[in-house]
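Its first residue numbered 227, the sequence shown is counted upward by one per residue in this note's numbering. Ideal Cβ placement from N, Cα and C applies to all residues, glycine included.
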Amino acid sequence: MTLKITRTLLDQLRRSGEAAYPHECCGVLVGEFDETGGKTVNTVTECGNTRTDSPDNRYNISPSELVRIQREALLAGHDIVGFYHSHPDHPAQWSATDLIEAHWTGCSYVITSVESGHAVLTNSFLLEGLEETKHFNDEILEVTAQ
Ligand SMILES: [Zn+2]
């Protein structure tokens, strides 16, 4: 599968990770699913990381914020297509905790590694399977011109 995102939105998402450093940033990707299951991002919405206990290696988006974003997306004829967060001084790979806390099958989970305050790699992973069998697969992140 492919997640398409414009250079501008990708930069916005990566800058969020730099701004939140040394904590994790997190947010929601709103856009559209195409017929083949691929996705296009239309907006990147930064959320507050509610994990005050461990904000440098955990993230959580408040349910009320998520519900509001989903409502606005649906009203605009769009969907939540994914989520993003950053890994301060850790690789842009999903963690066991990321998988446990991921529940939106079919959605993309985009992770940016931020080393010493600078965004390095951004990777996308597709959550597939049922809750009991869920797993992440590498996904192509296609950066498009504006
Ligand atoms: Zn993570």
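Ligand 1 heavy atom lying under 7 angstroms from the CB of residue i
i      : result
Asp324 : yes
Ser321 : yes
His344 : no
Ile223 : Because residue 223 is not part of the residues shown, which for the chain are 227 to 372, the question remains open.
His361 : no
His249 : no
His313 : yes
Best match in the options for proximity to residue i [C-alpha to C-alpha]
i      : options                   : result
Leu353 : Val340, Glu327 and Ala371 : Glu327
Asp282 : Pro248, Ser288 and Cys252 : Pro248
Phe362 : Ser288, Asn349 and Ala371 : Asn349
Backbone secondary structure at residue i - three-state DSSP
i      : result
Leu239 : helix
Glu272 : strand
Thr266 : strand
Glu357 : coil
Task: alpha helix (DSSP H) runs contained entirely in the segment 293-354, provided each spans 4 or more residues - done: 322-326
- [ ] Evaluate contact between the segment 331-338 and the segment 287-301, counting only Cβ atoms and requiring at least three cross-stretch pairs below 8 angstroms.
- [x] no
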